[in-house]
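Worksheet for the structure shown next.
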Amino acid sequence: MNDINLVAQILNEVLKDRHTPRNIKQAVSNALKVLEDNSKELPVRASIAISEIERIIDDPNMPYYIRTLLFQAVSKLEEISRSA
10 MNDINLVAQI LNEVLKDRHT PRNIKQAVSN ALKVLEDNSK ELPVRASIAI
60 SEIERIIDDP NMPYYIRTLL FQAVSKLEEI SRSA
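First residue of the sequence shown? That's 10 in my numbering, and the numbers climb one at a time after it.
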């Protein structure tokens with residue numbers, strides 16, 4: 010499984026979790042849409058997705074395990090964005 014598929018899997022897991030607040034789901038959904046948009050280069054899409062996730066990463070209403078998953082996704086996205 011390549012890194013982008015792993016990130017997509019993590020983000021989908023966050024979206025499916027019933028304890029994820031709506032604003033978090035919206036940002037994660039936006040990040041996922043950016044990653045799926047093939048009109049831009051992969052490192053650019055990764056950087057935009059990182060920005061979307063970082064916008065909500067410190068939300069006090071976010072369950073700790075969701076934050077951990079998002080940190081994992083950001084870490085993989087940073088690897089992708091540096092690979093260009």
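All C-beta atoms in this analysis are idealised placements derived from N, C-alpha and C, irrespective of residue type, glycine included. None of the values given here were measured: they were computed from a predicted structure.
query = Leaving out the 5 sequence neighbours to the left and right, which residues in its chain are closer than 6 Å to N32 when beta-carbon positions are compared?
reply = If the five residues before and after N32 are omitted, its C-beta is found closer than 6 Å to no C-beta atom of its own chain.
key: Rounded straight-line distance, which links the Cα of P69 to that of K49   = 32 Å
inquiry  = Which of the three DSSP states is assigned to P52 in this structure?
reply    = helix
query = Looking at the structure shown, is T77 part of a helix, part of a strand, or coil, going by DSSP?
reply = In this structure, T77 counts as helix in the three-state DSSP scheme.
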